[in-house]
Amino acid sequence: MAEEILRLEKVCKAYNVGQTSETEVLHDIDLRLEHGEFLALMGPSGSGKSTLLNIVGLLDRPTSGRLTIKGQDTGTLGDTELTRLRGHTIGFVFQYHLLISAFTARENVMMPMLADRGFASAEIEQRASKLLAQVGLEKFANNLATNMSGGQQQRVAVARALAMNPDLVLADEPTGNLDTKSADSVFELMRQVNRDSGTSFLLVTHNLDLARRCDRIIEVVDGRIQP
Amino acid sequence: MNHWLPFEWITAVRFLREGRLQTLFIIGGIAIGVGVIVFMSAMLAGLQANFIKRVLTSQPQIQLLTPDQVARPLRGAGGEIEDARVQRPSQRVISIDQWPKIRSQMLTMPEVTAVAPTMSGSALAVRGDASRAITLSGVEPDSYFKIVKVPDYIVAGEPRLTSEDIIIGIELAKDLGATVGDKLNIQAASGANRVLTISGLVDLGNKGVNQRASYVALRTAQSLLGMIGGVTTIDMTVTDIYAAEEIAQRIQAADAVEADSWIKTNAQFFTAVQAQQTSNTLIRLFVAMSVAFGIAAVLIVSVIQRSKDIGILRAMGTSRGQILRVFLLQGGLLGFIGSLFGAVMGACALAYWHSVARQADGSELFPLILERQLFVLTALLATLTGLLAATAPALRAAKLDPVVAIRG
Chain A
-11 MAEEILRLEK VCKAYNVGQT SETEVLHDID LRLEHGEFLA LMGPSGSGKS
39 TLLNIVGLLD RPTSGRLTIK GQDTGTLGDT ELTRLRGHTI GFVFQYHLLI
89 SAFTARENVM MPMLADRGFA SAEIEQRASK LLAQVGLEKF ANNLATNMSG
139 GQQQRVAVAR ALAMNPDLVL ADEPTGNLDT KSADSVFELM RQVNRDSGTS
189 FLLVTHNLDL ARRCDRIIEV VDGRIQP
Chain B
15 MNHWLPFEWI TAVRFLREGR LQTLFIIGGI AIGVGVIVFM SAMLAGLQAN
65 FIKRVLTSQP QIQLLTPDQV ARPLRGAGGE IEDARVQRPS QRVISIDQWP
115 KIRSQMLTMP EVTAVAPTMS GSALAVRGDA SRAITLSGVE PDSYFKIVKV
165 PDYIVAGEPR LTSEDIIIGI ELAKDLGATV GDKLNIQAAS GANRVLTISG
215 LVDLGNKGVN QRASYVALRT AQSLLGMIGG VTTIDMTVTD IYAAEEIAQR
265 IQAADAVEAD SWIKTNAQFF TAVQAQQTSN TLIRLFVAMS VAFGIAAVLI
315 VSVIQRSKDI GILRAMGTSR GQILRVFLLQ GGLLGFIGSL FGAVMGACAL
365 AYWHSVARQA DGSELFPLIL ERQLFVLTAL LATLTGLLAA TAPALRAAKL
415 DPVVAIRG
C-alpha cells in the first residue's frame, strides 16, 4: 500500500463564525492522497476549490475536522511549525503572480531553499540550475521574471515548487492563464515530474481534457465532494 | 547571488533596488534631512565655539575677589540690636587676604589650568589737555596672557609690559590722540602718578571696553593704587569651561574669597548659548520626525505593492519573523544610505557657507568644524530612525494573511 501524504476528515470551513453573516464554504470534506498520485480537483467557480487548496496548503486553518499531512495532525501545530511543515512538504504553483519580479529565474527557484537555510550557497545554486534545466529553461536562468513569457514563468514556478523536494505540489489553475500549447506543455512537465520523482500533485483546473489525463478527478460542488 | 548575505538582506536590497524611483526619492528626502542636521549642527557648533572663544579669551573663566564688606549692626551690652537700620558700607579696594597661599592652592587643583593674580582699580589717563577715566589692570604677563589672550588682540605695537609700559584700548588711544611709543601720565585717585610709554594697542571687540581698558605690570599697578604687595583678584582658567560655576562654588565654600564664574558673570550670554542649543535640538528632532514619516510612508506603500510577493514568500515557507526583518532592514538601509549622502551634502554646504559668510572685519564667521563623531552619530541616528519608522510597515507585512495577500 502506497504511503499516505494527505488526509482530510470531516473538514469544514466557515467564515464570520458566530456572526449573523456566518457562511460555511466547505462541508465535511473527506479526502485522501497517496504518494505519487496526480489528482485533479474540479468544480464551478465559488464551489470552494481554492479554500480547500489553501487549507491543504496550510495557508488557512479549517473551522472543524482533521487535516493530516504525512501522518502528522496539523491541528495541534502553531504558526511557526505550520510554516516549517509547509516549506518542507508542500510546493505551490499559482495561476497569477507567479514569480517575484525583483529576482531572476534562477533566484526565484533558489528562494525557498534560501528562506529555509538562511544563506545562499553553491549547492543551492546548482540545484536551482538543475531544476531549471529540468523544466527546459536553463538558458533563461539569469532573466528577470518580467522578461519571460507566461508559459516560461509558469515553468519556473513549477521548478520553484520542486526546490525543497516536496512530497506534495498544489497547483491552483496553473494553466488557466496560458494558451493551449503552453498549458499542455506545463501540464506535461508536472506529469513528468510526478512520474520521475513520485511527487504527488493536487491540481485545481477547469480544463476537462487536462483533468482526464490525471490519475483521479474529484469534483467539488457547493463545498462538498461529489460522490 | 551573494553567499555572505542572509536571506533577509538579499530580499531587502532587491526590493529597494527594484523600486528604483521610489527608493531614489526617499533616499533624496533622507539625505536632505540629514544634510540639514549636519549643516546646522556643525555650523552652530562652530559659531558657538567662536563666540565662546571670543568671550573666554578676553576674560577669566573664574575670578576670585575679596568678599563683600558688610556692616554689623551695633549691639548693646546684653546683645540686643541698638539700631535696626544697617546701611551697606562703601566697598574699599582691598587686597585678597593671603593671596599667595590661595594662588598656590588653586595651582594644585587638577581642573585648573592657569592662575594669575591681578590688581585692578580706577585711574585717570592724561595726555596734554585730554584726560580719560580708565580701568587700570596690573598683571603678570606670563601667567595673565594664558588667561586673557592680550597678545591675540594687539592691533599695534607689542604685548610688552615692563614697569614703564602700558597697553591701552584702541578707542582710548583715539580719545587721547595717542599711539604706540607715546607717553601717558597715569594718575590714581590717591594722587600717585606715573608716566608710562604705550607699548601696544588692543582691540577687545567692544567699544566701551576699548575706551577704558589698560594693562600695566602688576608692580606698577600696586604702586599706583597704593597697595604694595596686594592683589584685588585672582584670575583662572579651567579644563571644562561648563564646569566653571561648579568649581567656583567649591572654591567659595572652601576659601574666604568670592568666586565668580564666567557662567555667572555672562548669564545672558550663557542663556543665549543654551537657547541656541535647545532650538538646534528641536530642529533636529522635527527633521528626524519628517524623515521617519517619509520612510514609513514609502514602506507602507511598498508593503501594499508587494503584498502578492509577501504571500508567495509566506507560501514557500518564509516565516513572519523573516518578513518582519526584510522590511525593518529596508528602513534601516534607507536611513543609512540617506545619511551617507546627507553627510556629504551637509559637509559641502557647510564648506561653501564657510567660504562665503564673513564677519565685518573679513575674518571667518565660524571655524569649520567637521568632527568624525558628528557623522558617525548622524548615520547611527538616521539608521535607527529608519528602523523605527519601518516598524509599523514591517509588522503589517509580517501579519499579512498569505491567502488574502496571494488573492490580492
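So the protein sequences, as listed, match chains A and B.
Counting in the numbering used here, the first sequence runs from -11 upward without gaps.
Counting in the numbering used here, the second sequence runs from 15 upward without gaps.
For each residue, glycine too, the CB sits at the ideal point set by N, CA and C.
Every value quoted in this text rests on a predicted model; they were computed, and no experiment measured them.
For residue 136 of chain A, which of helix, strand or coil comes out of DSSP?
-> As a working note, residue 136 of chain A is residue 148 in the first sequence. Residue 136 of chain A carries a coil assignment under DSSP once its states are collapsed to helix, strand and coil.
Would you mind reading off the limits of the alpha helix (DSSP H) that contains residue 84 of chain A?
-> Looking up residue 84 of chain A in the first sequence gives position 96. Careful: residue 84 of chain A lies outside any alpha helix (DSSP H) and carries neither H nor E.
Residue 4 of chain A versus residue 408 of chain B - alpha carbon distance | By one-based count along the first sequence, residue 4 of chain A stands at place 16. By one-based count along the second sequence, residue 408 of chain B stands at place 394. Between residue 4 of chain A and residue 408 of chain B, the alpha-carbon positions lie close to 27 Å from each other.
Are residue 72 of chain B and residue 162 of chain B close, meaning C-beta to C-beta below 9 Å?
-> Residue numbering aside, residue 72 of chain B sits at position 58 when the second sequence is read from its first letter. Residue numbering aside, residue 162 of chain B sits at position 148 when the second sequence is read from its first letter. Taking 9 Å as the Cβ cut-off, residue 72 of chain B and residue 162 of chain B qualify as a contacting pair.
Check each candidate in B:233, B:74 and B:401 and name the one with the smallest Cα separation from residue 159 of chain B.
-> One-based indexing of the second sequence puts residue 159 of chain B at position 145. Per the Cα distances, B:74.
Buried or exposed: residue 276 of chain B, going by 16 or more other Cβ atoms within 10 Å of its Cβ?
-> Residue 276 of chain B sits at position 262 when you count from the first residue of the second sequence. Residue 276 of chain B should be labelled buried.
Residue 192 of chain B versus residue 186 of chain B - alpha carbon distance | Reading the second sequence from its first residue, position 178 is the one you call residue 192 of chain B. Reading the second sequence from its first residue, position 172 is the one you call residue 186 of chain B. C-alpha of residue 192 of chain B to C-alpha of residue 186 of chain B: approximately 8 Å in a straight line.
Report all residues from its chain with a CB closer than 7 Å to the CB of residue 208 of chain B; omit the five preceding and five following residues, and keep chain order.
-> For the purposes of this step, residue 208 of chain B is taken as residue 194 along the second sequence, with counting starting at 1. For residue 208 of chain B, where only same-chain residues beyond five positions count, the Cβ hits under 7 Å are 200, 234 and 238.
Do you know offhand how far residue 157 of chain A's Cα is from residue 363 of chain B's?
-> Position 169 of the first sequence, counted from the first residue, corresponds to residue 157 of chain A. Position 349 of the second sequence, counted from the first residue, corresponds to residue 363 of chain B. The alpha-carbon atoms of residue 157 of chain A and residue 363 of chain B are separated by roughly 59 Å.
DSSP-derived helix/strand/coil call for residue 218 of chain A = Missing from the structure shown is residue 218 of chain A; chain A here goes from -11 to 215 and no further.
Out of A:87, A:188 and A:197, point me to the one whose CA is closest to residue 218 of chain A's CA.
-> What the structure shows of chain A is the stretch from -11 to 215, and residue 218 of chain A is not part of that stretch, so it cannot be assessed.
So, helix, strand or coil for residue 85 of chain B, using DSSP?
-> To locate residue 85 of chain B, count along the second sequence from 1; it is residue 71. DSSP places residue 85 of chain B in coil when its eight states are reduced to three.
Whole angstroms is fine: what's the gap from residue 153 of chain A's alpha carbon to residue 76 of chain A's?
-> Taking the first sequence and counting its residues from 1, the one referred to as residue 153 of chain A is at position 165. Taking the first sequence and counting its residues from 1, the one referred to as residue 76 of chain A is at position 88. Rounded to the nearest whole angstrom, the CA to CA distance from residue 153 of chain A to residue 76 of chain A is 8 Å.
For the stretch 98 to 126 of chain A, which residues have a beta carbon sitting closer than 9 Å to at least one beta carbon of chain B?
-> Under the 9 Å Cβ criterion, the stretch 98 to 126 of chain A contributes 98, 99, 100, 102, 103, 104, 105, 106, 107, 108, 109, 110, 112 and 113.
If the cut is a Cβ gap below 9 Å, which residues of chain A does residue 347 of chain B touch?
-> As a working mapping, residue 347 of chain B is identified with position 333 in the second sequence. Per Cβ cutoff of 9 Å: no residues; residue 347 of chain B is ~14 Å from chain A at best.
My understanding is that residue 412 of chain B touches residue 310 of chain B, with C-beta atoms under 8 Å, so please give their C-beta distance in whole angstroms.
-> By 1-based counting over the second sequence, the position of residue 412 of chain B is 398. By 1-based counting over the second sequence, the position of residue 310 of chain B is 296. The pair is not a contact, with the Cβ atoms about 15 Å apart (cut-off 8 Å).
Output yes if chain B places a C-beta closer than 9 Å to the C-beta of residue 171 of chain A; else output no.
-> Here the question's residue 171 of chain A lines up with position 183 in the first sequence. Judged by the 9 Å Cβ criterion, residue 171 of chain A is not in contact with chain B.
Interface residues of the stretch 21 to 39 of chain A facing chain B [CB-CB below 9 Å] = Here the close residues are 38 and 39.
Does the stretch 18 to 37 of chain B touch the stretch 101 to 108 of chain A, meaning 3 or more C-beta pairs lie closer than 8 Å?
-> Three or more beta-carbon pairs separated by less than 8 Å link the stretch 101 to 108 of chain A to the stretch 18 to 37 of chain B, which places the two stretches in contact.
Please determine, among B:133, B:299 and B:313, the residue with the shortest C-alpha to C-alpha distance to residue 231 of chain B.
-> Along the second sequence, read from residue 1 onward, the residue named residue 231 of chain B stands at position 217. It is B:133.
DSSP three-state call for residue -8 of chain A: helix, strand or coil?
-> As a position in the first sequence, residue -8 of chain A is number 4, starting the count at 1. Three-state result, residue -8 of chain A: strand.
Counting Cβ pairs, one atom from each stretch, are 3 or more of them under 8 Å apart for the stretch 76 to 92 of chain A and the stretch 120 to 134 of chain A?
-> Yes, they touch.
State yes or no: is the C-beta of residue 7 of chain B within less than 9 Å of the C-beta of residue 305 of chain B?
-> The shown model of chain B, from 15 to 422, leaves out residue 7 of chain B, and the question about it has no answer.
Taking C-alpha atoms, which residue in B:379, B:155 and B:387 lies nearest to residue 60 of chain B?
-> Indexing the second sequence from 1 puts residue 60 of chain B at position 46. Ranking the options by Cα distance to residue 60 of chain B, first place goes to B:379.
Chain-ordered neighbours of residue 88 of chain A on chain B, where CB pairs are closer than 7 Å | Position 100 of the first sequence, counted from the first residue, corresponds to residue 88 of chain A. Near residue 88 of chain A (Cβ distances below 7 Å), the residues of chain B are 323 and 326.
Anyone know if the C-beta pair for residue 99 of chain A and residue 327 of chain B falls short of 9 Å?
-> Within the first sequence, numbered from 1, the residue matching residue 99 of chain A stands at position 111. Within the second sequence, numbered from 1, the residue matching residue 327 of chain B stands at position 313. Judged by their CB atoms, residue 99 of chain A and residue 327 of chain B are nearer to each other than the 9 Å cut-off.
Per-residue DSSP class, three states only, for residue 207 of chain A = Residue numbering aside, residue 207 of chain A sits at position 219 when the first sequence is read from its first letter. It is a strand residue.
How would you write the range of the beta strand (DSSP E) that residue 427 of chain B sits in, first residue to last?
-> Since the displayed chain B opens at 15 and closes at 422, residue 427 of chain B lies outside it and no answer follows.
Cβ atoms of residue 329 of chain B and residue 45 of chain A: under 9 Å apart, would you say?
-> For the purposes of this step, residue 45 of chain A is taken as residue 57 along the first sequence, with counting starting at 1. For the purposes of this step, residue 329 of chain B is taken as residue 315 along the second sequence, with counting starting at 1. For the 9 Å CB-CB criterion, residue 45 of chain A and residue 329 of chain B form a contact.
Give me whichever residues DSSP pairs with residue 189 of chain A in a beta bridge.
-> Counting from one through the first sequence, the residue named residue 189 of chain A turns up at place 201. Paired residue(s): A:26 and A:157.
Between residue 336 of chain B and chain A, is there a C-beta pair that is closer than 9 Å?
-> Along the second sequence, read from residue 1 onward, the residue named residue 336 of chain B stands at position 322. So, interface residue.
At which residues does the beta strand (DSSP E) containing residue 77 of chain B begin and terminate?
-> Residue 77 of chain B sits at position 63 when you count from the first residue of the second sequence. Run containing residue 77 of chain B: 76 to 79, per the beta strand (DSSP E) assignment.
For residue 295 of chain B, the three-state DSSP class (helix, strand or coil) | Along the second sequence, read from residue 1 onward, the residue named residue 295 of chain B stands at position 281. Reduced to three states, the DSSP call for residue 295 of chain B is helix.
Nearest residue (CA-CA) to residue 188 of chain B, options B:154, B:220, B:225 and B:167 | As a working mapping, residue 188 of chain B is identified with position 174 in the second sequence. If we check each option's Cα against that of residue 188 of chain B, B:225 comes out closest.
Any C-beta of chain A sitting closer than 9 Å to the C-beta of residue 283 of chain B?
-> On the second sequence, residue 283 of chain B is found 269 positions in, with the first residue counted as 1. No, because no Cβ of chain A sits closer than 9 Å to the Cβ of residue 283 of chain B.
Using a Cβ-Cβ cut-off of less than 8 Å, give me the residues of the stretch 381 to 409 of chain B that come near chain A, in sequence order.
-> For the stretch 381 to 409 of chain B, no residue has a beta-carbon sitting nearer than 8 Å to a beta-carbon of chain A.
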